[in-house]
Amino acid sequence: MNYEVISVGPYEANCSVLWDDPAQAWIVDPGADSATILGLLEKRGLKAGLVVLTHCHFDHISALGDILAKYPVPVVMHQEDTGFAFSPMNAMPPYRLTRRPASLVADKKDGDILTCGGLSAKIICTPGHTPGGWCLYFEKEKLLVAGDTLFAGSVGRTDLPGGSWDTLEASLKKLKVLPDDTRVICGHGPQTTIGVEKRSNPYL
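Residues in the sequence shown are numbered from 1452 upward in steps of one, following the numbering used here.
Pasting the structure below:
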């Protein structure tokens, strides 16, 4: 596996591009700056094969339309987040309203395996920050793409619509059982590992 993480938009959300087969790269959370994301693909000689949204918030999905205009690929997200994701309530300047894509796949559940381009990731549903938040666990590579569930030294906020601390707390317990050397790509900020967070994150 190869991957690059770029910080996009005013909220500096992390967009991850992961690939084995260059013709079928994964784009996770294209939140803004579509030209930068597409430029990375071009620079690395990649084509998109799949888009995955870890949750519904505008700072993680707002470049979706531009990405799909170039690569009309499946977009995978949890059903519980689809209503809010594409509603006018989920637009805040300079982020624009994201239209519901025709290629949306919203039938995946906890424990399902996503496969594309030689990569496989287990879906770990981690609601709490949003009702349909989830993480992608690439077990073979010991890599977790955590969205806004887990940050280095912190966790996702639960005071936004649909958030619940009790629900997030239960979700975090599912991440604590992963191997300590699992690398974590967070939704914002630096990368970390499960082991580091278990030792130093007060919320874990």
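Backbone N, C-alpha and C define an ideal beta-carbon position, used for all residues, glycine too.
Presumed contact (8 Å Cβ cut-off) between residue i and residue j, rounded CB distance
i	j	result
L1565	I1574	7 Å
G1482	A1464	4 Å
I1457	I1488	7 Å
Neighbour-count burial assignment, residue i, 16 or more Cβ in a 10 Å radius
i	result
A1621	exposed
G1569	exposed
L1611	exposed
S1651	exposed
V1628	exposed
E1648	buried
S1485	buried
D1561	exposed
N1541	buried
M1452	exposed
D1532	buried
D1472	exposed
A1474	exposed
S1513	buried
P1578	buried
Sequence-distant residues of its chain with Cβ nearer than 6 Å to residue i (five each side left out)
i	result
P1552	L1519, V1526
D1631	I1645, G1646
G1613	T1581, P1582
L1492	none
V1606	Y1654
T1643	A1603, V1635
V1459	C1466, G1482, A1483, D1484
A1597	C1586, V1635, C1637
Close-in-space but distant-in-sequence residues of the same chain around residue i (CB under 8 Å, 5 per side omitted)
i	result
P1641	A1603
M1543	F1509
heavy atom of the ligand FMN below 7 Å from residue i C-beta
i	result
S1571	What this structure holds is no ligand at all, so the ligand FMN is not there to describe.
Contacts around residue i, its chain only, beta-carbon distance under 7 Å, and the 5 residues preceding and following it disregarded
i	result
E1455	V1468, L1491
V1524	A1499, G1500, L1501, V1502, S1554
**Study point:** Runs of alpha helix (DSSP H) wholly within the region 1484-1558 (minimum 4 residues, chain order)
**Key:** Fully enclosed alpha helix (DSSP H) runs of no fewer than 4 residues occupy 1485-1495, 1509-1512, 1515-1521, 1530-1536 of the region 1484-1558, in order along the chain.
Exercise. Of all the alpha helix (DSSP H) runs that stay within the bounds of the region 1607-1632, which reach a length of 4 or more residues?
Worked result: If we require 4 residues or more, the alpha helix (DSSP H) runs fully inside the region 1607-1632 come out as 1616-1627.
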